[in-house]
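What follows is a single structure, written as structure tokens, with notes after it.
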Amino acid sequence: MQGLVQAMQTQAHTQAALQAQLEAQERADVWWSSLLHTRFEDGAVEVGWDELVRLFRAKFVPKHIQDKMEQEFLSLTQGSMTVLEYEARFAELSKYAPHIVADERRKAKKFVMGLRPSLRMRLVASYPRAGAQRGVSAGGRDGAVSGGEEGFLEEASSTIPEAG
């Protein structure tokens, strides 16, 4: 009997979630249609993805949530994350701080300054002198820095003054 009650509750929750999703989809469709008619009357629908996301957030994400996510980005550090996990979270939250990430130097500096100090010091010690000819490899929980991250870290290292 208890299993039947749980199954019915699960079904009710699933239906409620589907209904909420459908209502959100309908609301977004109405918003998009309205936006096309009011903002792009001339028929030009050349809207870049970043602009669409900005407009969508402005309409559907409460300002206090946007502010909270921006603050989380501003205080983001690597902590116990791997470099890849940190980079993924950095990319996700950076959307809430476009005024910082629009400038590649500021973006790179924010990323590097959020790295674990031991990894950041290795970057400072290795990259300015070695330049693009040498990769950085840091094993363990500090994260493997190679491949796609190497180019990003090369750019980021240009914002750190050379020691000496």
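For the sequence shown, this note's numbering gives the first residue as 2, with consecutive numbering after it.
Virtual Cβ for every residue (Gly too), placed ideally from N, Cα, C.
Of S119, S34, M2, V31, the smallest CA-CA separation from V84 is found for S119. Apart from sequence neighbours up to five positions away, the residues of its chain that approach R90 with a beta-carbon distance below 8 Å are L77, M82, ordered along the chain. About 4 Å separates the beta carbon of Y97 from that of M70, a gap short enough to meet the 8 Å contact definition.
With respect to L116, Q67 sits apart: the two C-beta atoms are not nearer than 7 Å. As the crow flies, the alpha-carbon of Q22 is around 50 Å from that of S127.
According to the DSSP assignment, P99 belongs to the alpha helix (DSSP H) that extends over 99-102.
The beta carbon of E73 sits closer than 6 Å to the beta carbons of L94 from its chain, once the five residues preceding and following it are set aside; these are given in chain order.
Boundaries of the alpha helix (DSSP H) harbouring G115: 105-115, taken from the DSSP string. Around the beta carbon of K108, 16 or more other beta carbons sit within 10 angstroms, so the residue counts as buried.
W32 and K64 do not touch by the CB rule: their CB atoms are close to 17 Å apart, not below 8 Å.
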